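Just below is one structure, and these are the notes that go with it.
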Amino acid sequence: MTETSEHTPTEQPSSEELAEVIAEFEEYRERLVSETLATAQKAKVMKATALAQLEPELAKIDAVLQELRDRVARPSSQPF
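The opening residue of the sequence shown carries number 565 in the numbering used here; numbering runs sequentially from there.
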């Protein structure tokens with residue numbers, strides 16, 4: 565029995581799909597910073613301390629965002 569899916573492993577995501585994922589990651593990043601700072605304020609933790617602890621996670625998110633933006637900018641005929 566064959567299973568149909570929206571994408572096969574060799575099929576590349578469209579620019580629209582990549583743009584959607586980028587927007588979702590950007591929203592997630594903003595929410596993560598906002599919620600972390602709000603929690604830090606309630607716990608009376610300095611903003612700089614909270615951001616320093618969050619920085620490694622933000623760096624990972626930023627790297628993924630940059631990779632996705634590069635994929636959008638790259639012509640679709642070139643492999644990933």
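Glycine included, each C-beta is placed from N, C-alpha and C at the ideal position.
On a predicted model such as this, the values are computed, not experimentally measured, just so you know.
* Asked: Could you check where the alpha helix (DSSP H) with Q605 kicks off and where it finishes?
  -> As a position in the sequence shown, residue 605 is number 41, starting the count at 1. Start and end: 579-606.
* Asked: Are the beta-carbon atoms belonging to A614 and T600 less than 8 Å from one another?
  -> By 1-based counting over the sequence shown, the position of residue 614 is 50. By 1-based counting over the sequence shown, the position of residue 600 is 36. Yes, the pair counts as a contact, with Cβ atoms nearer than the cut-off.
* To do: Determine the DSSP secondary structure at V636, reduced to helix, strand or coil.
  => Translated into the one-based positions of the sequence shown, residue 636 becomes position 72. Residue state, collapsed to three classes: helix.
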